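A.B. asks: Read left to right, the sequence shown gives residues 218 to 376 (the working numbering).
Don't be surprised by glycine CBs; every beta carbon is placed ideally from N, CA and C.
Predicted model only: the values in this text are computed from it and were never measured.
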Amino acid sequence: EDLIRLIQKELPDCRIAIAGEPGGAFFADGVPQNCIDLINVDPNLRMDMQLAALKQAKFALGGASGGICFALASGSKVLSWGFPRSNRSLSQENYLRSPIIFLPRKNPKADLVFKYVKWILGSSSMPADNIFRIFYINFYRLFLQYPYLIKTRITQTLK
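Put into structure tokens, the structure is as follows:
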């Protein structure tokens, strides 16, 4: 919730939608104030609604999970975090080769994640985080094997 409050405070024009499934999502019992609840909706429409939201979103963010894999499968840009080994499984399940930034930390602080949010949105320079750079650059090199990768502003900054 700290990250959500920070985004709402610093980027008041951003709309935050919370996705997942009841019983499995962190916010299944209710989403934070001023967030769009895509969890507690009609189960027959939930996946379609979440996919529609991802298609309109600038990016998806959250811990390495099934929801993040769903975001990757939708073609969304992703900012995720988790155990370092999670990077491998996310890259293996990223069949569309959607752009992803992975922070190899189980529970990163809200202010660190927010630095990457601002960078993705183009309102700041790349945060100087050596562990992140090692993972991201290695992941970027993996992408070089695929000539159909759409080069984004994010990948261009690493050249």
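Under three-state DSSP, which class holds ASP328?
C.D. replies: Residue state, collapsed to three classes: helix.
A.B. asks: In whole angstroms, what is the alpha-carbon distance linking ILE317 and GLN267?
C.D. replies: Whole-angstrom Cα-Cα distance: 19 Å.
A.B. asks: What does the alpha-carbon distance come out to for the pair MET264 and TRP298?
C.D. replies: Their backbone Cα atoms lie some 23 Å apart in a straight line.
A.B. asks: Measuring CA to CA, which of ILE253, LYS275, SER306 and GLN273 is closest to GLY237?
C.D. replies: Of ILE253, LYS275, SER306 and GLN273, the residue nearest in Cα terms is ILE253.
A.B. asks: Tell me the rounded alpha-carbon separation between PRO249 and GLU218.
C.D. replies: When rounded, the distance between both Cα atoms is 7 Å.
A.B. asks: Using the C-alpha atoms, what's the distance from ASP230 back to PRO344?
C.D. replies: Distance between the alpha carbons of PRO344 and ASP230 is about 22 Å.
A.B. asks: So, with DSSP's three-state summary, where would you put VAL295?
C.D. replies: Strand.
A.B. asks: Return the Cβ separation of GLY279 and ILE285 in integer angstroms, given the expectation that the two are a contact with Cβ distance under 8 Å.
C.D. replies: At roughly 5 Å, the Cβ-Cβ gap stays under 8 Å, so GLY279 and ILE285 are in contact.
A.B. asks: If we ignore side chains and look at the alpha-carbon of each, how far apart do PRO260 and VAL295 end up?
C.D. replies: Answer to the nearest angstrom: the Cα atoms are 24 Å apart.
A.B. asks: Give the straight-line distance between the Cα atoms of LEU204 and ALA288, rounded to the nearest whole angstrom.
C.D. replies: As shown, the chain starts at 218 and ends at 376. That puts residue 204 outside it, with no answer to give.
A.B. asks: Quick check on the DSSP output: the beta strand (DSSP E) that includes ILE256 runs from which residue to which?
C.D. replies: Careful: ILE256 lies outside any beta strand (DSSP E) and carries neither H nor E.
A.B. asks: In whole angstroms, what separates the C-alpha of LEU262 from that of SER341?
C.D. replies: Their backbone Cα atoms lie some 37 Å apart in a straight line.
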